[in-house]
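Chains as they are written, first to last, in the UniProt record's numbering: chain A, 1 to 444; chain B, 1 to 444.
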């Protein structure tokens, strides 16, 4: 009998095939893996082609800075020490972000914090050097004290919410201040080195900002606008789709959310992403504040976008509740549902239309015109539905069966003021950011 | 008549008070402002005292590196060029994060990426230098080509989801590679400088990681655990509070969420934060993966925490739907509500208890013991409630009035399987991460 050891390690076991047969199989599986990875990478680019452009932009900015500061006259003579140009490259890599807002925010923070911290660092250097001229230990204590205090205080300050936009600046402040104070114990031409590095960092920041803005810029403001508009649209899609799915059907509803019939309707799932979009909306709004010169002018009401987003999310929670009524094990007899169907369908379609118009208004920055009409119509339908619910006689029904459609009706009644709040917030946004009046009103 | 101009600028207008009276007022308002700002800053520290400790830790790490590399023998003789020590300080400021996971992740990324990129950069330098010995333009083209390609490809790679944990490493790779390739056109002792800088960066990383871990460490894993436990507990608090608020009351419910009586019950609002905690949970889980040596051992199932968190959020959406029934303008007569009150209260209190036990199980890493009993009890109550709903005769009721409590009952029935899913996920977590068996079982 063959012992397990004598059979050799399992990795050498050749499945009874000659080795020249195995190689292609192995290669094939490797090819498959490479192919799958390649497809995934391709998908990253396809999902948002701006990512590829961003890569090329960063490459371009670094190359530009390299050639400029090291190879091209007279820029390569700009600095007293040849190696200071690398600070420009470092700056570009650290501050070049996907969007203009983030790049501008980091760039301005970096330039301001570096200059300020370097000036202070040179001051501390002079104090330490003069007060303890030939005393090495004394210098170490003085500089150690300042570095520790600045590091500790500035790091703590990064937690203060009001200073969040200057977070990067605070970090750079600690970095530069410590580096300058400490390196003070070095060469004679200290102040020249510091000045050259600041100059280099400013050149790097300017190159990054210019490339970021001039070549296919990605505006955070625009992305935020599109996100808010898309989220509102998704709710509209749900409401318009819901009426068809819930009321026009027979007795059958799938028991599980994974059921075939609901999976084939993406508009019923789209709103799910609205539920969790809070943090990305807030990040975008914070970054958009750096984009002054974007088409909105200096003081664009980014907070109002966040408010519209929050109201949209409030409404999405109600829609999540509506969605849960697809999954109830018992459903009311069609005869009962058909009683409330008319007004419910009316609410769904009017609120759906209102939301879609609001979405297109936010997206195109045009004043919404017929939203109020749709909302008034949905209010009327909601009033009628209330009266209808009061009038239905309940003798013949089972409470458990009729509760889901009745609850759907109540939620729909509850959705109407929600939509009205969104509409009001969008109207306020239209006023604050001077949305244009649509052409259709002007044209005959 | 006095012209507006002759009255002087508005800022000089003294409100009819002599100037010595005004000064204290101004100072008082300034004092008030300073006081308010100081109070806000104090609150940042009070909310999480670990922030103050973090500030001190960063200060300590920078001071340590400064003193070590610039003032203390024999470390200050470590480098051939005196200024390379500043790279250690820069590294500390850039990688020292609040939590151990983030610091470790950044530190390891930084060390690996710097070493790799520097080696490649030196290689490129040699190629460029040898192939185009005295041709400046040729060198510029070769180096420009490599810098551009590396910058573009690595920047694009940062968008690939699978590479997210190495995002910082990719950035540092671009940075170091560009800096090394470009600065190759510089001093003779090129390779020594590169080696010294890598050494300096490694020293900086090690100091940051050691200080971060050894002094009051903040473990992401622990924070994630606490967050998940707290979220589960919040849902439990809501359910236990809900039964008292919804069923034990008379006819009156406040119409608005801002109403006085609901604002005084924080447990009814606590769950709101669960709705939007997705991104922080995922970030924490990603960072926690770097904390191998934390008390959980090498392969802790962080993904399972995210799963529990997601199920908790699913349940929170249902609770948001329950919460909306506080705000309905019509409420069922107490007589109707009292019919379903018993079983609804039972479900609320059993699921509440189950959730609270699950929360404490996650928090203390102890196997939950009586959760299944509570869930079984709530299932029985849910069955009884279904039968009850089937039996209630509806002749005397108005549909609009009875729908809210009936819908509440249906949602509560729907909450039970939700809680069961959470319990199963926590049981799986307990198995995967070897939760300890509670003492109460062992003790008599």
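All C-beta atoms in this analysis are idealised placements derived from N, C-alpha and C, irrespective of residue type, glycine included.
It should be emphasised that the depicted structure is a prediction, and the values quoted were computed from it without experimental measurement.
Limits of the unbroken alpha helix (DSSP H) element including residue i
i                     : result
residue 152 (chain B) : 136-157
residue 279 (chain A) : 278-288
residue 83 (chain A)  : Unbroken run through residue 83 (chain A): none, as it is neither H nor E.
residue 334 (chain B) : 334-364
residue 126 (chain A) : 100-131
residue 177 (chain A) : 167-183
residue 428 (chain A) : 399-432
residue 315 (chain B) : 302-324
residue 291 (chain B) : Per DSSP, residue 291 (chain B) belongs to no alpha helix (DSSP H) and is neither H nor E.
residue 63 (chain B)  : 50-70
residue 190 (chain A) : 190-214
Coil, strand or helix - residue i by DSSP
i                     : result
residue 369 (chain B) : coil
residue 269 (chain B) : coil
residue 251 (chain B) : Caution applies to residue 251 (chain B), whose pLDDT of 48 falls short of 50 and renders its modelled position unreliable; the value that the coordinates give is listed next. DSSP places residue 251 (chain B) in coil when its eight states are reduced to three.
Neighbourhood of residue i by C-beta distance below 6 Å, restricted to the same chain and skipping five residues each side
i                     : result
residue 8 (chain A)   : Residue placement at residue 8 (chain A) cannot be trusted, given a pLDDT of 38 that sits under 50; what the coordinates show is reported in the next sentence. Around residue 8 (chain A): no qualifying Cβ.
residue 448 (chain A) : Any property of residue 448 (chain A) remains undetermined from this structure, which presents chain A solely from 1 to 444.
residue 124 (chain A) : 146 and 181
residue 228 (chain B) : 305, 308, 309 and 362
residue 100 (chain A) : 212, 213, 217, 219 and 291
residue 436 (chain B) : 366
Cut-off 7 Å between Cβ atoms - residues of its own chain near residue i, not counting five sequence neighbours on either side
i                     : result
residue 337 (chain B) : 247 and 405
residue 428 (chain B) : 304
residue 194 (chain B) : 118, 122 and 180
residue 98 (chain B)  : 54 and 218
residue 175 (chain A) : none
residue 322 (chain A) : 242, 408 and 411
residue 137 (chain B) : none
residue 356 (chain A) : 233 and 236
residue 68 (chain A)  : 75
residue 120 (chain A) : 177
residue 455 (chain A) : For chain A, the structure presents residues 1 to 444; residue 455 (chain A) sits outside this window and is missing.
residue 432 (chain A) : 301 and 304
residue 418 (chain B) : 314, 315 and 318
residue 392 (chain A) : 339
residue 183 (chain A) : none
Nearest-angstrom beta carbon gap, residue j and residue i [assumed within contact, 8 Å]
i                     : j                     : result
residue 172 (chain B) : residue 114 (chain B) : 6 Å
residue 385 (chain B) : residue 422 (chain B) : Incorrect: roughly 20 Å between the Cβ atoms, too far for contact.
residue 278 (chain A) : residue 276 (chain B) : 5 Å
Cβ-based neighbour list, residue i, same chain, cut-off 8 Å, excluding 5 preceding and 5 following
i                     : result
residue 414 (chain A) : 318
residue 96 (chain B)  : 57, 58, 61, 103, 208, 211 and 212
residue 163 (chain A) : 157 and 170
residue 377 (chain B) : 346 and 350
residue 110 (chain A) : 91, 94, 95, 168, 169, 172, 201 and 205
Cβ neighbour criterion (16 or more within 10 Å) applied to residue i
i                     : result
residue 151 (chain B) : buried
residue 140 (chain B) : buried
residue 90 (chain A)  : buried
residue 225 (chain A) : buried
residue 84 (chain B)  : buried
residue 343 (chain B) : buried
residue 313 (chain B) : buried
residue 281 (chain A) : buried
residue 39 (chain A)  : exposed
residue 311 (chain A) : buried
residue 434 (chain A) : exposed
residue 271 (chain B) : buried
residue 400 (chain A) : buried
residue 284 (chain B) : buried
residue 126 (chain B) : exposed
residue 274 (chain A) : buried
residue 373 (chain B) : exposed
Proximity test, Cβ basis, 8 Å: residue i and chain C
i                    : result
residue 71 (chain A) : Among the chains of the structure shown, chain C does not appear; the protein chains present are A and B.
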